[in-house]
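Here the sequence shown is numbered in UniProt numbering, starting from 1 and rising by one per residue. Report on the structure given below.
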Amino acid sequence: MDVSLISAAGNDSILEHTPGADDVSLRLNWRSGVESALVKDRGAAQAVQATSAGDMTYNHHDWGVWVDQLSSFPEAEKNFKVLATSTSTEVDREFIAVVEGRNEFDGVWAVQVILKLTIL
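This is the structure in structure tokens:
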């Protein structure tokens with residue numbers, strides 16, 4: 001996702017060190033009211049429910065984009081919409097976890113997480 005946001009912002013200063021987002025499982029905070037092409041995906045509702053209910057994602061990154069910094073990069077906001085965030089365990093600050101291109105036909109999706117499977 002970092003490359004997509006760097007391209008959208010026009011420079012790499014959009015990335016900042018994200019302590020508390022490396023080698024940790026976190027839940028996703030899905031934003032309500034954001035229209036997304038996800039609604040067309042058969043399994044999306046179940047994935048959204050599972051990832052928002054518990055720490056179902058694995059984060060392994062030292063750099064990311066803080067939600068409160070995104071407004072400093074109007075090009076990124078113009079090209080992407082934030083679908084979900086996660087909260088750093090170390091600094092209690094939200095970083096962007098899932099974005100989608102504003103034009104649903106451009107096929108741009110980016111995630112900063114990998115789903116963790118629990119086998120019982």
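We treat Cβ as the ideally placed atom computed from N, Cα and C, and that holds for glycine.
- Distances from the alpha-carbon of G33 to those of S88, N79, V67, A84 put A84 closest.
- The Cβ-Cβ distance between E100 and L38 falls below 9 Å.
- Just so you know, the alpha carbons of Q69 and Q49 end up roughly 27 Å apart.
- Between V67 and E94 the beta-carbon gap is near 4 Å, inside 8 Å, which marks them as a contact.
- The beta-carbon distance between H61 and T18, rounded to whole angstroms, is 7 Å. This is short enough to meet the 8 Å contact definition.
- Distance from S86 to A97 at the Cβ level is roughly 4 Å; contact confirmed, criterion being Cβ atoms closer than 8 Å.
- CA-to-CA, the gap between G20 and E90 works out to about 4 Å.
- Each of E75, V82, R31 was checked against the Cα of S52, and the nearest Cα belongs to R31.
- Per the C-alpha coordinates, the member of G43, R42, N29 positioned closest to T57 is N29.
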